[in-house]
Amino acid sequence: MQIALTDWYVRTPDTTIETMLNKTLKASVPGCVHTDLLAHNLIEDPYLDQNEHDVQWISSTDWNYSTTFEVTAKHLEMDRLELVCLGLDTIATLFINDQEIAKTYNMHRAYRFDVKPYVQLGQNTLTIHFAAPQTWSEAQRDKLGDLPNAYSVDNAPYNFIRKMACNYGWDWGPRLTTVGIWQPIYLEAWNTARIESVRPLINLNEDLSKAQVDINISLDKVVKADGVTLEVHLSSPTGETFYAGSALTFEVDNPELWFPVGYGEQPLYTLKLELKHGTHLLDEWETRLGFRKVVLDTSLDDIGSAFCFIINNKPVFIKGANWIPDDCFPTRVDKARYRNRIMQARDDKMNMLRIWGGGIYEQDDFYDLCDELGILVWQDFLFACAAYPEEEPYWSEVAAEARYQVTRLSPHPSLVLWNGNNENLWGYVSWDWQRQLEQQDDSSERTWGRGYYLDLLPNIVNELDSNRPYWPGSPYSGSLDLHPLADNYGCKHVWDAWNQTDYSVYRAYIPRFVSEFGHQAPPSFATLLESISERPLKPDSPAVLHHQKAINGNDKLHTRLAEHFPVPKDIHVWHYATQLNQARAMDYGVSHWRSYAPTCMGTLYWQLNDCWPVTSWAAVDGYGRKKPLWYASRRFYADKLMTVQPRGSHLALVIVNDSDEVWQDTITVQRYSFSGEVLYEQTYSIEVSARQNHQLILDDGFHAHKKDAELIRAWVGSADDISDAWWFFDVDKRLNYPVAEYQLDITPTEGGYKLELTAQTLLRDVVVYADKLEPNTEVSDQLITLLPQESFTFTVRAARVPTVDELRANQVILCANDVIHDNSLVAQNS
């Protein structure tokens, strides 16, 4: 029997806060202080302009949430009356009728408290006092002694509190350190017994023809709980009953297998448990299961050790991205928003998302949708870019958090890896942490997190979720005797291609798996206009720079751009050039690494999404709009890929067939002049086996004599939607592009319009920025390269149809030629 807790109010006991002086606000639960203050118009939106600065007082202030509830005689007659808190953020003291009942210290745990001794018949009060997280975490740091973290310069002691680390600010996120009741909270009265937790574990035999289901259940019972029975029901995706009985271990013959997208279907079985006392139903529990077997192959080979996910005996090349919290205020992310973002990943030909360790264990809807849509989940434990204390009470808090989350998430077939941390092993080895720890004035060696990653967490996973692999960190090479970035072992991060040098360095590495690499770009133009009010908008205007959180971020953005293009000053051309450079960088890296499968068996670029409007590494910006990188990803993550790659002194066309069918086709490879003349041509008949690569070494006729004005293009003869492969012989700034010329024709359609563009010159990487005319538009494709006299039709979803003059005047259509010839941008387009 649940008792809803409604009509919450929030106030601060701090009388020095002028904004809240004598104010008690109606609060939204689940929610946080920031969203409540926004709802009452007491703060400006921190996502806009530089308003973030004006709300920093919130995290240094204590807050009280309070409500009242009615207790009846019937509630008091029940064996137990408990307060259930599924998420408190973070340092909380709970009071009922002014009596302290509990303290909590962890955002990532659920809690349940016996409140029967504290309540009275009739009206009762519940107050939750939240300590200021910034102040509390600073005090813990001062008590224990500082530990290194990647953001120490900003006084961000996120490693001393079990809370969403990126709340304290990151190199893509604002400092909006939240406080509040962020998950459901209610009272529950019950008799005799209840289901406390369930861990259904599935083990498939070698040929996958039989599954053993082991239901590990924990019951909370009172003394008189004799005669309690448990009924188990398993039904197929069509509703057919597969098992009904009381045994907690049973077998299923010939189960329908769950596969990641691109490898098979995603059938989900329904498991339902009913706890009864006689004929009376005491409690019930339900989830969905997928029958699948996952192995992380890290076996030794002649060059190092593999890092390959094997699902149902099939090696899977991982194509995906890293996931961060989709909003700084997680309760604003509902199921529809999760679905939209995960579908953006699936439509982008991804098969995995890595939940990064500086955010949260996502809400149930996220994992449910990944189960339905076939998106694999790599789940970090929540440790990121810092040394973490292992002293009590931290050790016990981490243990309780891990046990809770492993149990909660164990039913999900999409979850295929538990990962110990993000970059902490690398940080200890390479970021001067050892020296800093040795300088601590302590009699004993300081802890820094190693015990979590190599002892506590693997032991908990092995105990509670033994059929799912664990890996100590990202990056990690399988042993502390090896550098975490060893090229031939484990999983690798490649960040020198952003921080120190051009993205061409990607080709210097042939790793086994790349779990992070990325390149920055600003958000969509509409997002810039909506989040920044400065006019005229400039690349270096104060608010634009405020929405760039990386250290020296714009300097790096421009340095990386200058390696390929002249750096434009015009905001439109700058915006296009930086977005193009981001897309090119990821295409360069992924295409190279896919061409070396099965040595390399996966890439997860940084990152799919953003939590606010910002210049970042994301493919989808903070308002959910797709950047050109998203469209590039759809090509370089396609099941069938052609890519031209250097192989020694020659070029090769690598044909990647990541499908279950043999790829038979005719491929034409041509060398062109920029004017469109065919200078050399070869045709090849190919037959590439399923899940295999094939390499064609191109002969000397494809090696241009005039590299600043020639290119190679490969295209297939079939009707399949397979992107052409292009090769240009030098970086753009040294290419002799013509001034872009083209003809436009607009045809209205239901829900928008079609825009046919006919090239009159070579046009490289055309992007249609329809959002400049109408923010909520979407374009069918981007980054289109055309030879003279070729046409392409863009389909645009929009509320109205623009004129050609509007497109021209607002610089809606841009291509790489324009970055070279930006002083004649508008005049040449007709």
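Mapping of the sequence shown onto this note's numbering: residues 186 to 1015, in sequence order. All C-beta atoms in this analysis are idealised placements derived from N, C-alpha and C, irrespective of residue type, glycine included.
In its own chain, which residues sit with a C-beta less than 8 Å from the C-beta of Q877, not counting the 5 before and 5 after it? N842
Touching by the beta-carbon criterion (3+ pairs, under 8 Å), the stretch 897 to 917 and the stretch 844 to 858: yes
Bridge-paired residues (DSSP) for R473: T455
Between H749, Q996, Q855 and A925, which lies nearest to D915 when the distance is taken from Cα to Cα? The residue with the shortest Cα to Cα distance from D915 is H749.
Nearest-angstrom Cα separation, counted from T201 out to Y232: 26 Å
If we count the other Cβ atoms within 10 Å of its Cβ and call it buried at 16 or more, is V1011 buried or exposed? Unreliable placement is indicated for V1011, whose pLDDT of 42 sits below 50; no coordinate value is reported for it.
Count the C-beta pairs between the stretch 448 to 456 and the stretch 473 to 484 that are closer than 8 Å, then say yes if the count reaches three, no if not. Pairwise C-beta distances place the stretch 448 to 456 in contact with the stretch 473 to 484, as three or more of them are shorter than 8 Å.
How would you write the range of the alpha helix (DSSP H) that I756 sits in, first residue to last? I756 to R779
Between which two residues does the beta strand (DSSP E) holding T312 run? G307 to F315
For D1007, count neighbouring C-beta atoms within 10 Å of its own C-beta (all shown protein chains included) and say buried if the count is 16 or more, exposed if not. buried
Give the DSSP-derived three-state secondary structure of K677 in the structure shown. The answer is strand: DSSP assigns K677 an E or B state.
Which partner residues of C513 appear in the DSSP bridge assignment? Answer by DSSP bridge pairing: none, since C513 is not bridged.
Return the CA-CA distance between Q305 and P198, expressed in angstroms with no decimal places. 26 Å
Could you say which of D283, V300, L361 and A287 lies nearest to M263 if we only look at CA atoms? V300
What's the gap between the Cα of S599 and the Cα of R347? Straight-line spacing of the CA atoms in S599 and R347 works out to 25 Å.
Whole angstroms are fine: how far does the CA of S595 sit from the CA of G412? 29 Å
When you compare only the Cα positions, how much space is there between L972 and Q945? 8 Å
Do you know offhand how far P783's Cα is from C493's? 9 Å
For W375, which residues in the same chain have their Cβ closer than 8 Å to its Cβ, ignoring the five residues on either side in sequence? M186, M263, D264, R265, E267, L467 and D468
To the nearest angstrom, how far is it from the Cα of L826 to the Cα of Q880? 12 Å
Who are the Cβ neighbours of N794 in its own chain at under 7 Å, not counting the five residues just before and after it? Same-chain partners within the cutoff: W508, I509, D511, R526, A803 and V805.
Bridge partners of Q564, per DSSP? I540 and W603
On the three-state DSSP scale, how would you describe A350? helix
Any idea what DSSP makes of L386, helix, strand or coil? Reduced to three states, the DSSP call for L386 is strand.
Please state whether DSSP places G902 in a helix, a strand or coil. Residue state, collapsed to three classes: coil.
Hey, E381 and V269: beta-carbon distance below 8 Å or not? Not closer than 8 Å, so no.
Grouping DSSP H, G and I as helix and E and B as strand, with all else coil, what is A1012? Note that A1012 has pLDDT 37, beneath the 50 cutoff, so the model's placement of it is unreliable and the number below is only indicative. Of the three classes helix, strand and coil, the one that applies to A1012 here is coil, per DSSP.
Return the CA-CA distance between A747 and Q624, expressed in angstroms with no decimal places. 41 Å
List the endpoints of the continuous beta strand (DSSP E) containing I527. It is not in any beta strand (DSSP E) - I527 instead sits in the alpha helix (DSSP H) that spans K520 to D532.
In this structure, what does DSSP give as the bridge partners for L460? L415 and D468
Under 6 Å Cβ to Cβ from F859, same chain only, skipping five residues before and after it: list those, please. A894 and L947
V437: buried (16+ other C-beta within 10 angstroms of its C-beta) or exposed? buried
Beta-carbon spacing of P657, L639 below 8 Å: yes
Reduced DSSP secondary structure (H/G/I, E/B, other) of M292: If DSSP states are grouped into helix, strand and coil, M292 belongs with coil.
Completely contained beta strand (DSSP E) runs for the stretch 888 to 939, where each covers 3 or more residues: 895 to 901, 910 to 913 and 927 to 934
Can you look up I593 in the DSSP assignment and give me helix, strand or coil? The question names Ile, yet the displayed sequence has Arg at residue 593. Helix.
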